[in-house]
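According to numbering that gives the first Met the number 0, the sequence shown is numbered sequentially starting from 0. In what follows, a structure is listed as structure tokens, so that the remarks can point back to it.
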Amino acid sequence: MTVSSASGPAQASGVFPIGGDLPVHRLGFGAMQLTGTGVWGEPKDRPEAIRVLRRAVELGVNLIDTADSYGPFVSEQLIREALHPYADDVVIATKGGFARTGPGEWHELGRPEYLRQQTELSLRHLGLERIDLYQLHRIDPQVPLADQLGELARLREEGKIRHIGLSEVTVEQLREAREIVEIVSVQNLYNLVNRKAEAVLDYATAEGIAFIPWFPIATGQLARPGGPLDTLAKERGAAPAQLALAWLLRRSPVMLPIPGTSSVAHLEENTEAARIRLTDDDFETLSAIGL
Ligand SMILES: NC(=O)c1ccc[n+]([C@@H]2O[C@H](COP(=O)([O-])OP(=O)(O)OC[C@H]3O[C@@H](n4cnc5c(N)ncnc54)[C@H](OP(=O)(O)O)[C@@H]3O)[C@@H](O)[C@H]2O)c1
């Protein structure tokens with residue numbers, strides 16, 4: 000079965016061409032929450048995880064973010080089970096560069112041979128011949144950046160990767176990386192109440208690089224009743240998580256939020272955010288809440 004993302008609310012978020020040639024609807028989905036506790040092992044409710052992935056694509060989501068380290072590999076395997084063979088317009092963005100030793104345990108590992116091995120494993124687990132967007136999950140401070148990105152560039156030349164992205168970097172690191180290889184995306188923690196990556200976002204916006212904010216609803220903190228968005232959400236007849244996502248979509252044209260959830264109900268609520276158009280006043284009010 001091939002699920003098509005041709006229509007659905009996510010379309011209303013607009014289109015961004017990653018790397019200039021990979022158009023995606025701006026509101027995507029993050030598949031980290033589909034694994035077990037501590038991003039380790041199988042999900043509590045596997046059939047629901049499969050339903051979430053299929054429903055995401057039905058709702059028009061065609062950017063799905065994952066990583067070899069989520070599970071490890073559980074998230075990628077679920078994506079394959081739910082969506083393979085992939086519809087032509089579905090982009091699976093994965094990442095490598097962390098080794099996992101247990102629940103909640105993450106170790107940066109950017110040695111070229113490890114990045115190559117993990118890329119090969121991601122290709123196998125996702126059932127792909129080429130990964131559309133491969134993101135270096137973290138820059139490993141123990142390994143020269145040119146060695147880490149050099150290996151990804153070789154994998155790209157070999158046709159195993161289409162585009163290269165980075166995660167959790169500074170503007171300086173992004174600039175340095177771009178001297179070595181073309182970088183089409185950056186994925187940093189960013190949401191209404193945590194804007195430490197503002198300088199990176201501004202740089203990405205100016206350069207036309209996709210900015211993929213992780214924790215877009217602050218791991219649910221921005222979605223809870225009684226939270227900072229509750230009053231305005233009630234006034235506007237929207238859910239708090241929807242306002243957090245609508246604010247991100249309005250903040251920059253290169254913004255590609257990837258809210259994560261393990262529930263179809265939350266997924267449907269979050270995807271509806273794509274249809275919300277904030278007024279200038281609402282945008283300013285929300286911006287002030289987060290400061
Ligand atoms: N690059 C990196 O280093 C990095 C790090 C972390 C994450 N990521 C990526 O970013 C994605 C997003 O981050 P995230 O999933 O951790 O954080 P998030 O999207 O900000 O929040 C997800 C959390 O919010 C809850 N939630 C989602 N929608 C909700 C709603 N409508 N109402 C109430 N609660 C809701 C979810 O619980 P339920 O499951 O109960 O809905 C989940 O606990 C990840 O999936 C992953 O792909 C990247």
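Idealized CB from N, CA, C, for every residue including glycine.
Asked	Found
Opposite Arg-99 in the DSSP bridges: which residues?	Trp-105
From the DSSP secondary-structure annotation, give me the bridge partner or partners of Tyr-133.	Thr-93 and Ile-163
Give me, in chain order, the residues of the same chain whose beta-carbon lies closer than 7 Å to that of Glu-150; leave out the 5 immediate sequence neighbours on both sides.	Pro-111, Leu-114 and Arg-115
Considering Cα atoms alone, identify which of Tyr-85, Leu-228, Pro-84 and Leu-165 is closest to Gln-240.	The question names Gln, but residue 240 is Ala in the sequence shown. Nearest option by C-alpha distance: Leu-228.
Between Gln-76 and chain C, is the shortest Cβ-Cβ distance under 7 Å, so that the two count as touching?	Absent from the structure: chain C. Only one protein chain is present.
On the DSSP bridge assignment, give the partners of Asp-64 in chain order.	Gly-29 and Ala-92
Just confirm the distance between the C-beta atoms of Leu-33 and Ala-48, as a whole number of angstroms; I'd bet it's less than 8 Å.	4 Å
Which first and last residues belong to the alpha helix (DSSP H) in which Gln-241 is found?	239–250
Closest to Thr-278 by CA distance: which of Met-254, Arg-194 and Arg-235 is it?	Arg-235
Work out the CA separation of Leu-58 and Val-180 for me, nearest whole Å.	34 Å
Report buried or exposed for Thr-100, applying the criterion of at least 16 other Cβ atoms within 10 angstroms of its Cβ.	exposed
What did DSSP end up calling Val-253 once you bin it into helix, strand or coil?	coil
Report yes if the CB atom of Val-183 is closer than 7 Å to the CB atom of Leu-165, and no otherwise.	no
Thinking C-beta only, is Ala-11 closer than 7 Å to Ala-232?	no
Which whole-angstrom value describes the C-beta separation of Pro-256 and Pro-212, a residue pair presumed to lie in contact below a C-beta threshold of 8 Å?	6 Å
Roughly how far, in whole angstroms, is the beta-carbon of Asp-131 from the beta-carbon of Arg-161, given that I think they are within contact range, below 8 Å?	5 Å
Report yes if the C-beta of Ala-240 is less than 6 Å from at least one heavy atom of ligand 1; otherwise report no.	yes
Could you tell me the alpha carbon to alpha carbon distance between Gly-109 and Asp-280, rounded to whole angstroms?	45 Å
If you measure from the CB of Pro-258, is any heavy atom of ligand 1 nearer than 6 Å?	yes
Helix, strand or coil for Val-38 per DSSP?	coil
Using 7 Å as the threshold, is the C-beta distance between Gly-96 and His-136 below it?	yes
Tell me, to the nearest whole angstrom, how far the beta carbon of Val-170 is from that of Ala-209; I am working on the premise that it is less than 8 Å.	Not confirmed; about 15 Å, so no contact.
Going by CA-CA distance only, name the one from Pro-22, Val-14, Gln-134 and Leu-248 that's closest to Asp-320.	Because the chain here runs from 0 to 290, residue 320 falls outside it and cannot be looked at.
Let me check you understand the geometry: is the CB of Phe-214 closer than 6 Å to at least one non-hydrogen atom of ligand 1?	yes
Below 8 Å on the Cβ atoms is my guess for Glu-75 versus Thr-93; work out the distance and round it to an integer in Å.	6 Å
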